[in-house]
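One structure is given here, and the rest of the page talks about it.
Residue numbers (my numbering), protein chains in the order written: chain A, 381 to 493; chain B, 1164 to 1280.
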């Protein structure tokens, strides 16, 4: 069985500050891990994914995430927040068959000017 | 950039009415999904569809729900007799399922907001 836990349903950062959104997963098999972003009144857009290979993955809009197997984590970071980063962020896990994705409860990011 | 399109973007219906939500997945994708998101809550899996049949479904996907791929391009979700608690945003998604780096990436549509009165 697979599941995802996102710590912190709401995160506020100042513009220009580091963004850190936490995600821990549970999986009995090697997982595929994803971060999706949802802007207001829009669908979910893929930010980045980890499937195999390099554990530090870079995504769109300057975001990156690192897969740490020992910590079962896949935290999302961005060195410097922009106002346009304000959105809901979802971490997701799937098995390598990919037939079902499990989403976390989401983290709402607020960027303070 | 290929995209998943969903219609309608917003539907208001009376409790007990039937609703059909439509989706056009990316043309060369093989796996199709419906998810829903009740306001302020997590994104929940409803059903996955492959090779013209349901491959997996959640507990939420009970007898009032059905899915269909009627014509090789559309993928529909039907709710037979809507309840108040069916009010949610419904997302369609598809994935290629073929070999390659994009095989297991879900591409989502913008969603259909269903309001049941």
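Where is the CB? At the ideal position from N, CA and C, for every residue including glycine.
Through-space distance from residue j to residue i, alpha-carbon basis
i: residue 1198 of chain B; j: residue 1168 of chain B; result: 14 Å
i: residue 411 of chain A; j: residue 1268 of chain B; result: 13 Å
i: residue 1235 of chain B; j: residue 409 of chain A; result: 33 Å
i: residue 450 of chain A; j: residue 435 of chain A; result: 12 Å
i: residue 1201 of chain B; j: residue 1224 of chain B; result: 14 Å
Residue i classed as buried or exposed, judged by whether at least 16 other C-beta atoms fall within 10 angstroms
i: residue 437 of chain A; result: buried
i: residue 1243 of chain B; result: exposed
i: residue 1297 of chain B; result: With chain B covering only 1164 through 1280, there is no way to say anything about residue 1297 of chain B.
i: residue 433 of chain A; result: exposed
Helix, strand or coil at residue i [DSSP, three-state]
i: residue 1183 of chain B; result: strand
i: residue 1166 of chain B; result: coil
i: residue 1252 of chain B; result: strand
i: residue 451 of chain A; result: helix
i: residue 1191 of chain B; result: coil
i: residue 404 of chain A; result: strand
i: residue 394 of chain A; result: strand
i: residue 1247 of chain B; result: helix
Rounded Cβ spacing between residue i and residue j (contact assumed at less than 8 Å)
i: residue 445 of chain A; j: residue 469 of chain A; result: With 8 Å as the limit, residue 445 of chain A and residue 469 of chain A do not qualify as a contact, their Cβ atoms being about 11 Å apart.
i: residue 405 of chain A; j: residue 382 of chain A; result: 7 Å
i: residue 400 of chain A; j: residue 455 of chain A; result: 6 Å
i: residue 443 of chain A; j: residue 458 of chain A; result: 5 Å
i: residue 1273 of chain B; j: residue 1211 of chain B; result: Between residue 1211 of chain B and residue 1273 of chain B the Cβ distance is about 20 Å, and since that is not below 8 Å, they are no contact.
Residues sharing a beta bridge with residue i, DSSP
i: residue 1219 of chain B; result: B:1211
i: residue 1238 of chain B; result: B:1186
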